[in-house]
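Novice: Quick note: the sequence shown uses my numbering, first residue 2, plus one each step.
Input: one structure, supplied below.
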Amino acid sequence: MPIIGEVVAAGKTPVALEKELVTLYSPHLVSKEVTVTVVSASFSIFVSGAVQKPGKITTDRPITVLEAIMESGGFDTAKANTAAVAVIRQNGNKTEHFTLNLKQVLEGKQVEAFYLRRSDIVHVPEKFTWF
């Protein structure tokens, strides 16, 4: 941005970004008013592994891991290990890994929803079976 340089908007609400911009631009503003408008809030996530239709999902609203799997046609019930669903997230230069037990959710237990972020990868591993 002119005068103040680059400002990171990702992960911020429009109101929070407006407040930050007012603070950063305050020495240069006559009126302390800034308006932020979201042009597009859609983002993509990727689902792989033991699901019916693996691939890219584009959403314009917050989405949970279970919702993303359902958007991919649901679990491949013959193969899916629902107790060890992995989420891989790039956070700056660091890769974060989360393992979620969605079997508990499917059994009706109260579990805190895990919301996905832009470019997250959800991987549903296959069950380990002996032949």
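C-beta atoms are modelled at their ideal positions from N, C-alpha and C, and glycine is treated no differently.
At 3 residues or longer, and completely inside the stretch 32 to 105: list those beta strand (DSSP E) runs for me, N to C.
Specialist: The stretch 32 to 105 contains these whole beta strand (DSSP E) runs: 44 to 50, 56 to 60, 86 to 92 and 95 to 101.
Novice: Among Asn94, Ile70 and Glu108, which has the Cα closest to the Cα of His124?
Specialist: It is Ile70 whose Cα lies nearest to the Cα of His124.
Novice: Less than 8 Å between the CB atoms is what I'm expecting for Lys57 and Phe47, so what's the real figure, rounded?
Specialist: Confirmed, Cβ separation roughly 5 Å.
Novice: Under a Cβ-count criterion, where at least 16 other Cβ atoms within 10 Å of its own Cβ denotes burial, should Ser73 be classed as buried or exposed?
Specialist: With 16 or more other Cβ atoms within 10 Å, it is buried.
Novice: Residues bridged to Glu19 by DSSP?
Specialist: In the DSSP output, where bridge partners are listed per residue, Glu19 has none listed.
Novice: With a CB to CB cut of under 8 Å and the five nearest residues on each side skipped, what residues in its chain are close to Asn102?
Specialist: Taken in chain order, the residues that qualify are Thr83, Ala84, Ala85, Val86 and Val112.
Novice: According to DSSP, His124 sits in a beta bridge with which residue or residues?
Specialist: In DSSP, His124 forms a bridge with Ser49 and Ala87.
Novice: Applying the criterion that 16 or more other CB atoms from any shown protein chain within 10 Å of the CB defines a buried residue, is Val40 buried or exposed?
Specialist: That one is exposed.
Novice: Tell me, which residues are paired with Tyr26 by DSSP?
Specialist: Beta-bridge pairing links Tyr26 to no other residue.
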